[in-house]
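Colleague: Numbered per mature numbering (1 follows the signal peptide of the UniProt record, and there is no 0), the sequence shown spans residues -24 to -1, 1 to 876.
Yeah, the Cβ is synthetic: ideal placement off N, Cα and C, and Gly gets one too.
This one's a predicted model, so the numbers in the text were calculated from it and none came from an experiment.
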Amino acid sequence: MTKPRLISLLLLSTAMLAPSIAAAQESAPTTTGNASPEAPAIGDENASGGEEAPDVSIPGGAIIVTGQRNRNIERTAPQVISVLSSEQIARTGEGDIAGALGRVTGLSVVGNGYVYVRGLGDRYSLALLNGSPLPSPEPLKRVVPLDLFPTSIVASSLVQKSYSVNFPGEFGGGVINLTTKAIPTESFLQIGGGVTWDTESTNKLSYGYYGSKTDWTGYDNGNRSIPSALQDYFNSGTVINPGSTQAQELGGSLVTSRNAVLQRIDKTQPNFSASLSAGTSFDLGGATLGVIATGGYSNSTQTKAILRQRAQGTTANPEQLWEDGNAVNTDNRIVANALVTVGLEWDENQIRWTNVYIHDTDKHSSLSIGKRNNNRTADYMDQTTAWYERQLIDTQLVGEFKPDDKTSIDVRVGYANSKRLAPFEIEAQYLRTNAAADPYGDMFVNRLGNGNQDPTNVTFSRLNENVWSAGLDVSHRFFDGWTGTVGYAYQLNARTNSRRSFAIFASGDPELISGFGTLRLDYLLQPGMWALGNNGVDYSLQLREPGASVANFDSRLLNHAYYGKIDGQLTDTLSFDAGVRWEWAKETTILRPIGGTASQPTALKNEYFLPGGTLTWEVQPGMQVRLNASKTIARPQFRELLYQPYFDPDTNRSYQGNPFLTDSKLTNVEGRAEWYFAPEQRFAFGAFWKRIDKPIESFLTGPEAFITSYANAPKADLYGAEAEVQKYVYLDGMGKFFTDRRLVLIGNYTYTKSKLKVGASDTVRVYGAGTGASLASDYFRDGAPLTGQSEHIANVQIGLEDTQNLSQQTILLNYASKRAVSRGLANSNQPDIFEYPGFTIDVVIRQGIMIGDKQIELKAEGRNLTGRGHFEYQQFDDGRVNYNTYDVGRMFSLSASITF
């Protein structure tokens, strides 16, 4: 069956199925709003028939139009923006805001919730919550992953792609501002729940381990608490003696049956979730006090059967690969979230106190087997058990005041904290030699660092980051059509990161090492085994801390910013918005080795004047053209500045920073034409160009370690074009069934091209590559695309919806072409490593029904109906090397919520 025919049948079947559920039921009104088949006059923003504008809260607050019907924010804002209201987010059916943003023009989601804007990586994207900055719970990032935020707590998501000076200067691709829900228009209580079936995971084989009996909640019951003797050692600031009595005592406490024994799970449970929301408001006589509280819980399991290969040269010949194997990874992800918002409104003033709590846990289990270049006759088996606990707490107070008709004042203060805890991350390696002369040749043996094997590693890592922020914005309309705004912003990020990794080695009689190595891991490393050498047995265990010299680091970013801008009407049809931002920032990273002296801080201290301006020409009512130009920056992320190893199990990569990194500087130019031919309907086309001076790019070092590091490439250019359309077709002429229905057609396409500019004499600074500069061509190839950039990104939404009642059937299509995720091995002429997201189809059905006087929303979803897998590879002349490739399941979900 051809794809167009398949889409047609899907749309028709979903349209006929959903209304039948509600047959003979009294339907409840939906928030979609009333619509009339007769389109109002072009350019009439307040004509009847439109949706209520979403709540948007940003620094400067120039586009806040809360509660005004048919106020088209994209059209009236002075910059190029896209806004997803809660209704538009609901239409996508996505459970987290990252998934919903993946439908916006020029945006793509990479990895676990990192949003790329116009092909620029997450380092060039800025995420704000109600206009305030957020910390990241990820060691490799300073940008928060947006899959942490459930859509249930978000009132709107604004994406601004053209820079304006009221936003921070770290604005390469764009800014994403999430606005949380504030004051409810009426009291409500909503209870919901859902279940999801994953065709690659649910009811199929997976791996796990016991952990603790409360793991299903995402919180440990104390089984993973650090033993007191180990904590005393951490606090001592000394490096352990590998063969000491202290090492024996500590080593015997690290590995137990609860944290290290992989268990086979023949039938994996389905994913499930639950949510509870409530809100009310109180009339205080001239003021309204509103309270909203939401809570949510989700439990999902994904199993990946991964093909992992590593090339050491310029060939894909299986006999010459450095590594060739398969892994089964199981990630049980448990997310708990809560939001409490208290808002006070009077006249045109509002005070909003927002509190967000998100707790995200990944219980990780992995088992892999494969060949290695150093011994191709043997089989290597690796197992990993881990517990990654991420937490985000944010509290902020925002005041938006209008002391008179001409003046507005915005005040924001905020504190946010993020944590990442990973205790008892255990990695063990077993070897089957397959040698006839080896008495253990047909068995997997853990020789603990002997016989071409790695030691068993137990790692404890902890990240803590605090962000304090404050801002003040004052706008005044001097006369009709002319407004000036000045503002100040303060931000302090303070991060501490600790990674204490122990390696367990065995020494003594090789026969004993091999014989004991056949034991289960918790038996092999039980306390009694550590004491054998004390009793005359030629076998001893050693506990080493090889990473003590790079175990701890502190990072800090202090930023002061002032800005001023003016916007106004030059003529009846020509307006402009222009200003300049001054930023002073100091970014420091200090390595604190165990038992040593803290390193000289890596310090970047810079100040910038960052101009930005937009000129808008209204060609005719409903049609306008925008031109924007600006200068912005991108700073290195904390981890990228530190020469400390870190392994990410999700991407199967090891990382190491580069203290020689510097800021990147961007020059941005874009033009855009927009045609608003009817309320809520538009067509837009734009083109953009960016010049990046010293872009930060990743590369691989090796050959054995395959570590990803970073350096400033000399220059890069990025350019492209994008188009988007939103059209409604009213179907009232097709019969009674379609009287209140309309066809929803939404589509966007982005073409992006980028090229690194690497000259023959250009140099880079790479830590560990000597005391001087290295040739840039040793690490980067002239003309190569920027990492993370897809040349083609397209989204299409085709749906039917009832304009009077909740009834929506939507088909969502997405395509992204391949994008480079890393350079090939440095100094080897290897091709880049690419990821190919490809084409996916999703279907979302939402239907409201009434039972008595209560509305129930039913939702059915089908995700990844094309069964598109994850492909990450290097393409050589003689074949493909699959770096991290696995199948991704089709997802089928059913959920329901009832509102009281």
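1. Could you give the first and the last residue of the continuous alpha helix (DSSP H) run that contains residue 51?
2. Are the CB atoms of residue 218 and residue 519 nearer to each other than 9 Å?
3. Tell me the DSSP secondary structure of residue 450 in three-state form.
4. Terminal residues of the continuous alpha helix (DSSP H) containing residue 866?
5. Taking residue 106 as the reference, which of 389, 716, 517 and 762 has the closest Cα?
6. If contact is defined by three or more beta carbon pairs under 8 Å, each pair taking one atom from either stretch, is the segment 773 to 791 in contact with the segment 270 to 289?
7. Between the C-alpha atoms of residue 638 and residue 348, what's the straight-line distance to the nearest angstrom?
8. Check for me: the beta strand (DSSP E) holding residue 557 runs from which residue to which?
9. For residue 471, decide whether its Cβ has a neighbour in chain C, counting only Cβ atoms nearer than 9 Å.
10. Give me, in chain order, the residues of the same chain whose beta-carbon lies closer than 6 Å to that of residue 564; leave out the 5 immediate sequence neighbours on both sides.
11. Just how far apart, CA to CA, sit residue 514 and residue 250?
12. Taking DSSP as the reference, what is the three-state secondary structure of residue 499?
13. Could you check the C-alpha separation between residue 163 and residue 262 for me, to the nearest Å?
14. Quick one: using the 10 Å Cβ neighbour count with 16 as the cut-off for buried, is residue 418 buried or exposed?
15. Closest to residue 547 by CA distance: which of 539, 504 and 456 is it?
16. In this structure, does DSSP put residue 588 in helix, strand or coil?
17. Relative to the alpha-carbon of residue 158, which residue among 166, 112, 265 and 339 has its alpha-carbon at the smallest distance?
18. Which of helix, strand or coil does DSSP assign to residue 794?
19. Need the endpoints of the beta strand (DSSP E) that residue 386 sits in, please.
20. Per DSSP, which residues does residue 195 bridge with? Please list them.
21. Using only alpha-carbon positions, find the residue among 661, 851 and 477 that is nearest to residue 599.
22. So, helix, strand or coil for residue 431, using DSSP?
23. Keeping to the same chain, check which residues put their C-beta closer than 6 Å to that of residue 165; ignore five residues upstream and five downstream.
24. Determine the DSSP secondary structure at residue 419, reduced to helix, strand or coil.
25. Go through the segment 718 to 787 residue by residue and report every complete run of the beta strand (DSSP E) that reaches 3 residues or more, in order.
26. Drop a sphere of 10 angstroms on the beta-carbon of residue 259, count the other beta-carbons inside from all chains shown, and report buried for 16 or more, exposed for fewer.
27. If you run the structure through DSSP and keep just helix, strand and coil, what is residue 374?
28. For residue 652 and residue 50, I'd like the C-alpha separation in whole angstroms.
29. Label residue 851 either buried or exposed according to how many other C-beta atoms from any shown protein chain fall within 10 Å of its C-beta, with 16 as the threshold for buried.
30. Among 602, 191, 527 and 510, which has the Cα closest to the Cα of residue 574?
31. By the DSSP assignment, the alpha helix (DSSP H) with residue 225 in it spans what residues?
32. Tell me which residues share the same chain as residue 834 and place their Cβ nearer than 6 Å to its Cβ, disregarding the 5 neighbours each side in the sequence.
33. Taking the straight line between their C-alpha atoms, what separation do you get for residue 699 and residue 373?
34. Would you report the Cα separation of residue 143 and residue 35, rounded to the nearest angstrom?
35. Thinking residue 521 and residue 475 are a contact (beta carbons under 8 Å), I'd like their distance in whole angstroms, please.
36. For residue 73, which of helix, strand or coil comes out of DSSP?
Modeller: On the basis of the data shown:
1. In the DSSP assignment, residue 51 falls within the unbroken alpha helix (DSSP H) covering 49 to 52.
2. For residue 218 and residue 519, yes; Cβs fall inside 9 Å.
3. Residue 450 carries a strand assignment under DSSP once its states are collapsed to helix, strand and coil.
4. Counting along the chain, residue 866 falls outside any alpha helix (DSSP H), and DSSP gives it neither H nor E.
5. The option with the nearest alpha carbon to residue 106 is 389.
6. No, the segment 270 to 289 does not touch the segment 773 to 791.
7. Each residue's alpha carbon lies about 37 Å from the other.
8. Under the DSSP assignment, residue 557 falls in the beta strand (DSSP E) whose first and last residues are 550 to 568.
9. In the displayed structure, chain C is absent; only one protein chain is listed.
10. Here the set comprises 532, 577 and 579.
11. Rounded to whole angstroms, the separation of the alpha carbons of residue 250 and residue 514 is 56 Å.
12. Residue 499: helix per DSSP, three-state reduction.
13. When only Cα atoms are considered, residue 163 and residue 262 end up about 19 Å apart.
14. It is exposed - the Cβ of residue 418 has fewer than 16 other Cβ atoms within 10 Å.
15. Selected option, being the one with the closest Cα: 456.
16. If DSSP states are grouped into helix, strand and coil, residue 588 belongs with the strands.
17. Looking at the Cα atoms, 265 is the closest of the given residues.
18. In the three-state reduction of the DSSP assignment, residue 794 falls in the coil class, being assigned neither a helical nor a strand state.
19. Residue 386 -> beta strand (DSSP E) spans 383 to 408.
20. Note: residue 195 sits in no beta bridge, so no partner.
21. Of the candidates 661, 851 and 477, the residue whose Cα lies closest to the Cα of residue 599 is 661.
22. Secondary structure at residue 431: coil, using DSSP grouped into helix, strand and coil.
23. The residues are 254 and 876.
24. In this structure, residue 419 counts as coil in the three-state DSSP scheme.
25. The DSSP assignment places complete beta strand (DSSP E) segments of no fewer than 3 residues inside the segment 718 to 787 at 768 to 778, in order along the chain.
26. Burial check for residue 259: the Cβ neighbour count within 10 Å stays below 16, so the residue is exposed.
27. Residue state, collapsed to three classes: strand.
28. The alpha-carbon of residue 652 is positioned some 10 Å away from that of residue 50.
29. By the 10 Å Cβ count, residue 851 comes out exposed.
30. Residue 527 is the option with its Cα nearest to residue 574.
31. Here the alpha helix (DSSP H) through residue 225 covers 221 to 227.
32. Closer than 6 Å at the Cβ level, and outside the excluded window around residue 834, lie 823 and 872.
33. The alpha-carbon atoms of residue 699 and residue 373 are separated by roughly 38 Å.
34. Taking C-alpha positions only, residue 143 is separated from residue 35 by approximately 7 Å.
35. In this structure, residue 521 and residue 475 do not form a Cβ contact; the two beta carbons are roughly 11 Å apart against a cut-off of 8 Å.
36. DSSP places residue 73 in helix when its eight states are reduced to three.
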